[in-house]
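A.B. asks: Numbering (the working numbering), first residue to last: 1279 to 1344.
All C-beta atoms in this analysis are idealised placements derived from N, C-alpha and C, irrespective of residue type, glycine included.
So, in C-alpha cells, the structure goes:
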C-alpha cells in the first residue's frame, strides 16, 4: 500500500520537484552506504528501500518526459 501512495504522490509532482527528490534520495543512499561501511547503520533494509524509491522516481520522470 505504501508504494502505491508514494507513486501517486510522485505522479502529481512537477519535473523540477522530481529532480529535487532524486538528488535528495541519491544523497541519502550515499550516506546510508557510508554508515554501512563504517558499521554505524542499524537498519540495513533502508538501503534497499531507498534504491527502489530512486527507481520509482526515475520511472515517473521518464514517463513524464515522453
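Mark residue 1293 as exposed unless 16 or more other C-beta atoms lie within 10 angstroms of its C-beta, in which case mark it buried.
C.D. replies: Within the chain shown, the letter at position 15 stands for residue 1293. When all chains shown are included, residue 1293 counts as exposed.
A.B. asks: Output needed for residue 1287: all residues of its chain with C-beta closer than 6 Å, excluding positions within five of it in sequence on either side, in chain order.
C.D. replies: As a position in the chain shown, residue 1287 is number 9, starting the count at 1. Correct list: empty, nothing qualifies.
A.B. asks: Out of 1297, 1328, 1333, 1339, which one is the CA nearest neighbour of residue 1310?
C.D. replies: To locate residue 1310, count along the chain shown from 1; it is residue 32. Ranking 1297, 1328, 1333, 1339 by Cα distance to residue 1310 puts 1328 first.
A.B. asks: Given residue 1345, which residues of its chain have a CB within under 6 Å of its CB, disregarding the five upstream and five downstream residues?
C.D. replies: Here the chain comprises residues numbered 1279 to 1344, so residue 1345 is not present and cannot be evaluated.
A.B. asks: When the Cα atoms are used, what is the spatial distance from residue 1280 to residue 1331?
C.D. replies: As a first step, residue 1280 is located in the chain shown; it is residue number 2 there, counting from the start. As a first step, residue 1331 is located in the chain shown; it is residue number 53 there, counting from the start. Their backbone Cα atoms lie some 11 Å apart in a straight line.
A.B. asks: For residue 1282 and residue 1337, I'd like the C-alpha separation in whole angstroms.
C.D. replies: Locating residue 1282 in the chain shown gives position 4, counting from the first residue. Locating residue 1337 in the chain shown gives position 59, counting from the first residue. Cα to Cα, residue 1282 sits roughly 14 Å from residue 1337.
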